[in-house]
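Trainee: I am attaching a structure below and will ask some questions about it afterwards.
Number of protein chains: 2
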Amino acid sequence: MSADPIALAESHWTDHGWAHSAPGMRLVTTITRVQQLLHQRIDDLLRPDLTFARYEILMLLAFSRRGALPMSVIGSRLQVHAASVTSAVDRLERDGYVTRERVESDGRRVLARITSAGRKRAKAATDVLNREVFDDVGLPTATARKVTVDLDRVRAHLGDACDAERE
Amino acid sequence: MSADPIALAESHWTDHGWAHSAPGMRLVTTITRVQQLLHQRIDDLLRPDLTFARYEILMLLAFSRRGALPMSVIGSRLQVHAASVTSAVDRLERDGYVTRERVESDGRRVLARITSAGRKRAKAATDVLNREVFDDVGLPTATARKVTVDLDRVRAHLGDACDAERE
DNA sequence: ACTAGATACTTTGACGTCCAAGTATCTAGA
DNA sequence: TCTAGATACTTGGACGTCAAAGTATCTAGT
Chain D
566 MSADPIALAE SHWTDHGWAH SAPGMRLVTT ITRVQQLLHQ RIDDLLRPDL
616 TFARYEILML LAFSRRGALP MSVIGSRLQV HAASVTSAVD RLERDGYVTR
666 ERVESDGRRV LARITSAGRK RAKAATDVLN REVFDDVGLP TATARKVTVD
716 LDRVRAHLGD ACDAERE
Chain S
566 MSADPIALAE SHWTDHGWAH SAPGMRLVTT ITRVQQLLHQ RIDDLLRPDL
616 TFARYEILML LAFSRRGALP MSVIGSRLQV HAASVTSAVD RLERDGYVTR
666 ERVESDGRRV LARITSAGRK RAKAATDVLN REVFDDVGLP TATARKVTVD
716 LDRVRAHLGD ACDAERE
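Chains as they are written, first to last, in the numbering used here: chain D, 566 to 732; chain S, 566 to 732.
Okay, structure coming up:
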């Protein structure tokens with residue numbers, strides 16, 4: 566019997582009469598585990614002043630035309646809750662990578678703006694992540710692309726608007 | 566241009582000269598997003614008394630020979646930090662699904678034991694998750710298996726001991 | 001001109017993640 | 001017999017997730 570906890574769980578599923586659900590269960594658990602490993606690795610590389618969540622916000626701002634975006638747009642683009650954006654931007658502001666300013670023409674809106682220290686940190690973080698994570702995820706590029714296409718179908722199935730719907 | 570935030574990010578990556586890293590970045594971000602969607606869906610189905618983390622512990626105990634396991638074994642099997650096990654078992658105990666008892670022969674060890682209410686809840690939760698998530702993840706079974714195999718290679722690459730190492 | 005409803009953001013709280021530190025117990029070796 | 005080092009678990013804290021609620025601002029319609 567395998568020592569892999571996920572393979573073990575699949576065996577249990579089958580033994581208990583849920584063979585039909587076992588492949589789906591194994592895929593879901595595997596996705597959860599891979600995400601956990603990736604995030605541990607990425608957070609290790611970005612420590613102590615960045616996490617993946619904060620890094621994503623910095624990159625979004627770095628890519629934007631004026632280096633600033635309303636908080637609601639950040640939440641929408643990263644597909645996270647407004648409260649999560651508030652929390653992460655709080656820390657980026659604390660560390661001097663971002664500033665916040667109210668939009669004069671619409672008092673409801675807050676712009677998060679990347680600072681030059683933030684741009685510099687974003688660049689350094691990207692260099693590390695490209696080199697240590699993204700350049701080699703353990704699959705040949707063609708396979709990585711194929712897995713992404715398949716996972717886009719899972720995203721579409723779960724309600725995400727993504728490119729899988731255009732195929 | 567695509568409205569998919571992840572596809573957009575890949576375009577930015579390529580535009581900034583990081584084309585080599587772009588497929589890896591897209592896969593990593595897609596895995597993160599799929600995991601987020603899956604967990605939102607699963608937690609919605611298990612609310613209000615279970616989360617995926619707690620459900621996994623219940624299933625581990627339900628599958629075990631005596632319906633009880635030391636906390637350290639739970640952490641090891643689920644590959645989470647001991648403090649996370651403490652937190653989740655606290656809540657399972659609060660809700661009457663699990664009890665805790667110190668091992669007489671080894672005072673360091675605490676056994677978590679599933680109660681009959683816990684078994685019943687685990688069964689009901691499995692029925693719901695099998696029907697609503699695992700039976701149809703948006704991919705044909707053969708494709709789901711193939712993606713799992715590929716993600717196992719990513720796990721192995723990141724240091725997990727799993728079946729990918731035996732192939 | 002006014003207001004109900006919508007939008008934007010923050011705050012509070014629960015949750016589970018990990019890290020670091022603390023407490024309790026066990027054990028191999030001297 | 002004793003103790004240093006190891007093991008097991010809990011606690012405190014930071015973090016980011018979401019839900020719910022609160023506060024502030026905007027706007028379409030009357």
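Ideal Cβ placement from N, Cα and C applies to all residues, glycine included.
Which class does Leu676 (chain D) belong to by DSSP, given the choice of helix, strand or coil?
Mentor: Position 111 of the first sequence, counted from the first residue, corresponds to residue 676 (chain D). Strand at Leu676 (chain D).
Trainee: Heavy atom of the ligand COA less than 7 Å from the Cβ of Glu666 (chain D), yes or no?
Mentor: Questions concerning the ligand COA fall outside what the structure shown contains, since it holds no ligand whatsoever.
Trainee: Does DSSP classify Glu575 (chain D) as helix, strand or coil?
Mentor: The sequence position of residue 575 (chain D) within the first sequence is 10, counting from 1. The answer is helix: DSSP assigns Glu575 (chain D) an H, G or I state.
Trainee: So, at 6 Å on beta carbons, what are the nonlocal neighbours of Ala587 (chain S) in its own chain, with the 5 sequence-adjacent residues on each side left out?
Mentor: The residue given as residue 587 (chain S) occupies position 22 in the second sequence. Here the set comprises Glu575, Trp578, Thr579.
Trainee: Could you give the distance in angstroms between the alpha-carbon of Arg631 (chain S) and the alpha-carbon of Ala647 (chain D)?
Mentor: Translated into the one-based positions of the second sequence, residue 631 (chain S) becomes position 66. Translated into the one-based positions of the first sequence, residue 647 (chain D) becomes position 82. So the two alpha carbons sit approximately 45 Å from each other.
Trainee: Per DSSP, what kind of secondary structure is Arg731 (chain D) in: helix, strand or coil?
Mentor: Residue numbering aside, residue 731 (chain D) sits at position 166 when the first sequence is read from its first letter. Because the pLDDT of Arg731 (chain D) is 49, which lies under 50, any placement of that residue in the model is unreliable, and the number read from its coordinates should be weighed accordingly. Arg731 (chain D): helix per DSSP, three-state reduction.
Trainee: Which residue comes first and which comes last in the beta strand (DSSP E) that contains Leu634 (chain D)?
Mentor: The count along the first sequence starts at 1 and reaches residue 634 (chain D) at position 69. Residues 633-635.
Trainee: Which residues in the same chain have their Cβ closer than 7 Å to the Cβ of Arg598 (chain S), if we skip the five residues on either side of it in sequence?
Mentor: The residue labelled residue 598 (chain S) in the question sits at position 33 within the second sequence. So the list reads Ile571, once near-sequence residues are dropped.
Trainee: Please tell me whether His577 (chain D) has its Cβ less than 8 Å away from any Cβ of chain S.
Mentor: As a working mapping, residue 577 (chain D) is identified with position 12 in the first sequence. Yes, His577 (chain D) counts as interfacial toward chain S.
Trainee: Residues of chain S with CB closer than 7 Å to the CB of Leu704 (chain D), please, in chain order.
Mentor: Here residue 704 (chain D) is taken as the residue at index 139 of the first sequence, counted from 1. Asp715, Arg718, Val719, listed in chain order.
Trainee: Can you give the Cα-Cα distance for Gly724 (chain S) and Arg673 (chain D), rounded to whole angstroms?
Mentor: By 1-based counting over the second sequence, the position of residue 724 (chain S) is 159. By 1-based counting over the first sequence, the position of residue 673 (chain D) is 108. Distance between the alpha carbons of Gly724 (chain S) and Arg673 (chain D): 47 Å.
Trainee: Using a 10 Å radius around the Cβ and a threshold of 16 neighbouring Cβ atoms, would you call Ala687 (chain D) buried or exposed?
Mentor: Locating residue 687 (chain D) in the first sequence gives position 122, counting from the first residue. Per the 10 Å Cβ criterion, buried.
Trainee: Who are the near neighbours of Cys727 (chain D) in its chain, counting only those whose CB is closer than 8 Å to its CB and skipping five residues on each side?
Mentor: What you label residue 727 (chain D) is simply residue 162 of the first sequence in a count that begins at 1. Asp717, Arg720, Ala721, listed in sequence order.
Trainee: Counting only Cβ pairs nearer than 9 Å, list the residues of chain D close to Pro635 (chain S).
Mentor: Looking up residue 635 (chain S) in the second sequence gives position 70. Per Cβ cutoff of 9 Å: no residues; Pro635 (chain S) is ~15 Å from chain D at best.
Trainee: Quick one: grab the DSSP three-state call for Val663 (chain D).
Mentor: As a working note, residue 663 (chain D) is residue 98 in the first sequence. Three-state result, Val663 (chain D): strand.
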